[in-house]
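Down below is the structure, laid out as structure tokens.
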Amino acid sequence: MPINVIILNTFILLCLGVPGVSPYAADAELLPDEDIRPILLDAVETAYRYDLFNIHCRGFPGSNKLNDVDKLLAANFGLTTSDVITQYAKMDEQTYLHNLEKAFYDSIAGYGGCRAAKRHGMLEVIQTHYTGLLQMLQQIP
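According to my numbering, the sequence shown is numbered sequentially starting from 42.
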């Protein structure tokens with residue numbers, strides 16, 4: 042399909058106010074390669090876990106790793122974290138983030154609380170994974 046038709050179709054859908062339509066969802070050709078999609082979703086999940094850890098276990102209410110990933114996705118892929126969740130996790134953002142939050146708190150409880158999670162290196166694992174994912178995403182053309 043020619044790009045001008047894709048742009049026109051996207052514009053029409055957006056003008057009609059169709060809920061849940063991203064300007065990048067009109068045609069699969071505009072989305073990142075299928076090999077990259079799991080990395081994008083992993084980056085969103087890891088950033089959210091990082092924020093949860095910082096807020097819940099470190100007392101940093103202003104943790105904004107998810108916002109940083111959102112900016113990177115917008116700049117490099119023309120997507121938002123919401124786009125990544127709805128398109129690749131195939132569920133609404135609120136439900137998805139709620140499920141991640143529940144799994145996070147279950148894992149903290151499994152360690153025996155924040156102190157034990159820190160002693161077992163949970164923060165370092167999250168930080169290392171987050172940093173690696175961001176570096177990987179920045180290198181994708």
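Ideal Cβ placement from N, Cα and C applies to all residues, glycine included.
Since this is a predicted model, take the numbers as computed values, not measurements.
For Y123, which residues in the same chain have their Cβ closer than 6 Å to its Cβ, ignoring the five residues on either side in sequence? According to the sequence provided, residue 123 is Ser. The question's Tyr does not apply to it. Answer for S123: E134, listed in chain order.
What alpha helix (DSSP H) runs, 4 residues minimum, are completely inside the segment 66 to 107? 78 to 99
Rounded to the nearest angstrom, what separates Q128 and T136 at their Cα positions? Distance between Q128 and T136, taken at the CA atoms: about 14 Å.
Given this structure, state the Cα-to-Cα distance separating Q180 from D111, to the nearest angstrom. Rounded to whole angstroms, Q180 to D111 spans 16 Å at the Cα level.
Three or more C-beta pairs below 8 Å linking the segment 74 to 85 and the segment 142 to 156: no
Alpha carbon of H139 to alpha carbon of V166, nearest angstrom: Approximately 22 Å, taken between the alpha carbons.
So A88 and D109 are supposed to be a Cβ contact under 8 Å. How far apart are they, rounded? Contact between A88 and D109 is confirmed by a C-beta separation of about 7 Å, below the 8 Å threshold.
Pairwise C-alpha distance: I96 and G103: 8 Å
When the Cα atoms are used, what is the spatial distance from A115 to A157? 36 Å
Quick check on M163: buried or exposed, where buried means 16 or more other Cβ atoms within 10 Å of its Cβ? buried
Starting from the Cα of F94, find the closest Cα among L175, L174 and A150 and give me that residue. A150
In three-state DSSP terms, what is G181? In the sequence under discussion, the amino acid at residue 181 is Ile, which differs from the Gly named in the question. It is coil, neither helix nor strand.
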